[in-house]
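Here's the structure, in structure tokens; my notes come after.
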Amino acid sequence: MALSTSRTLLRSFASLSPFARCSNSTSYGDSLWSSEPRAIFKGGSYFLAQRKLSSTSVLSLGSIEGAFPSLLQEWKLGFPSLSRALYCSTADFKKNELLELQEVEKVLSDVRADNVKVIPVQKHCAWADFMVIATGRSTWHVKNIAQALIYKVKQKQKGAQRLMLPSVEGQEGGKWIVIDSGKVVVHALDEKARDYYSLESLWTTGTSEKEPIQDLEKALVKIRRKNNSKKQAKKSA
Amino acid sequence: MAATFASKCSRVGRSLWGGLGNNLSGLLSASHETACNHFLSQQQRTFIQMRTVLKVVDNSGAKKVMCIQALKGKKGARLGDTIIASVKEAYPNGKVKKGKVVYGVVVRAAMQRGRCDGSEVKFDDNAVVLVDKQGQPIGTRVFGPVPHELRQKKHVKILSLAGHIA
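Chains as they are written, first to last, in the numbering used here: chain A, 201 to 437; chain B, 263 to 428.
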């Protein structure tokens with residue numbers, strides 16, 4: 201019985217469509233199907249995000265198995281320009297990033313970007329380690345910052361067979377350009393956009409959110425009330 | 263002879279029923295568990311298409327929005343896709359008003375979406391973040407969890423405005 205089920209599973213996974221995967225995982229009983237309800241968010245019973253693990257852990261395509269945990273981490277970091285084919289291969293992925301923090305700072309100071317702020321978000325952001333925010337004086341300046349960073353990446357990878365470029369968003373608009381290079385995410389905004397979105401308050405409040413919880417622990421300790429009344433206490437006989 | 267035959271039949275019948283009864287009760291309890299997980303008894307979630315009402319999860323001023331076009335995909339939009347929508351319900355003083363035609367990025371979808379490691383992710387509701395034509399979010403904060411798929415789809419701006427990433 202087990203053999204037949206494994207054979208049918210293999211056949212279905214060969215088709216590699218999400219619908220097929222879904223149907224097979226449900227029909228094979230509770231042992232192979234696990235779900236964890238998640239994300240009760242911020243006090244309200246908001247919604248549940250279910251993550252359904254199909255039984256690929258048992259009979260996965262051989263290429264994925266070897267690099268399973270590292271793949272997951274890589275994917276969470278979201279190496280943006282890697283193609284799917286690269287993902288599923290067990291070839292060693294490059295350890296060096298597309299852009300290092302020091303290089304980013306150097307480039308930004310060369311381009312004379314204003315108000316460069318580096319925020320380490322390792323603790324409350326699983327997908328990036330550093331957020332760099334820079335202001336440009338005009339839309340042309342913002343575009344120039346983005347171009348300079350990409351030029352730096354190209355220089356770094358000179359002579360390599362395949363150029364891995366970081367993903368750039370917002371290039372046509374010129375108001376807010378995001379350059380995503382794995383661990384370091386660079387935001388180039390103009391002044392109006394910076395005031396409008398106020399990204400620093402978003403990420404720095406993330407770190408300070410942890411502090412009020414500690415005060416809460418102190419606050420819930422029972423303290424005897426002070427009796428300031430002038431009434432004379434009853435003297436027990 | 264007829265009486266013995268009848269008694270034999272009844273005995274056989276009773277034992278059969280006794281056996282069957284046990285099996286039936288066992289089957290019932292087992293089938294109740296598997297009934298909930300059975301493929302045909304689960305609700306089949308599908309794409310986000312024309313006339314789908316979605317929730318707005320940023321502070322742009324709109325509350326509910328109805329999809330009028332899914333920009334990519336013949337069958338409809340999925341998690342991470344952009345749609346054109348019309349604002350059906352809005353807060354009184356907000357950046358968008360009722361009746362405005364806006365673009366939106368789907369950040370939560372009831373339909374499951376496969377990830378490259380084989381797992382699937384699905385949410386309990388359909389939610390959208392309003393953007394302009396260039397892809398800039400109109401609101402400044404995004405509420406609720408957003409999935410990682412947005413990074414691959416080049417919506418890092420929405421990810422950076424979000425508080426919680428699924």
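Glycine residues also receive a C-beta, built at the ideal position from the N, C-alpha and C atoms.
With DSSP as the reference, label Tyr351 of chain A as helix, strand or coil.
-> helix
Interface residues of chain B around Gly336 of chain A at Cβ under 8 Å?
-> Those do not exist, as Gly336 of chain A stays about 15 Å from chain B at its closest Cβ, beyond 8 Å.
For Lys431 of chain A, I'd like the list of residues in its chain whose CB is within less than 7 Å of its CB, leaving aside the five on either flank, ordered along the chain.
-> none
Determine the chain B residues that contact Glu372 of chain A at a beta-carbon separation under 8 Å, and present them in chain order.
-> Gln396
List the residues of chain A that Thr402 of chain B touches, going by C-beta distances under 8 Å, in chain order.
-> Tyr396, Tyr397, Ser398
Per DSSP, what kind of secondary structure is Ile345 of chain A in: helix, strand or coil?
-> helix
At a cut of 8 Å, does the segment 326-335 of chain A reach the segment 357-368 of chain A through at least three beta carbon pairs?
-> no
Amino acids of chain B, ordered along the chain, whose beta-carbon sits closer than 8 Å to that of Lys385 of chain A | The residue you asked about is not Lys; residue 385 of chain A is Val in the sequence shown. Per Cβ cutoff of 8 Å: Val418, Ser422.
So, helix, strand or coil for Val418 of chain B, using DSSP?
-> helix
Quick one: what's got a C-beta closer than 7 Å to Glu391 of chain A's C-beta in the same chain, skipping five residues either side?
-> Thr335
Do you know offhand how far Phe405 of chain B's Cα is from Lys323 of chain A's?
-> 20 Å
Quick one: what does DSSP say Gln331 of chain B is sitting in, helix, strand or coil?
-> strand
Where Arg424 of chain A falls: helix, strand or coil (DSSP) = coil
Name, please, each residue of chain B whose Cβ falls closer than 9 Å to the Cβ of Glu369 of chain A.
-> Gly397, Lys416, His417, Val418, Lys419
Go ahead and label Leu302 of chain B buried or exposed: buried means 16 or more other beta carbons lie within 10 angstroms of its beta carbon, across all protein chains shown.
-> exposed
How is the beta strand (DSSP E) around Lys350 of chain B delimited, first residue to last?
-> 344-352
DSSP three-state call for Ala393 of chain A: helix, strand or coil?
-> helix
Listing by chain order, which chain B residues have their CB less than 8 Å from the CB of Trp376 of chain A?
-> Gln398, Lys419
Any idea if Tyr351 of chain A is buried or exposed, counting beta-carbon neighbours within 10 angstroms, 16 or more meaning buried?
-> exposed
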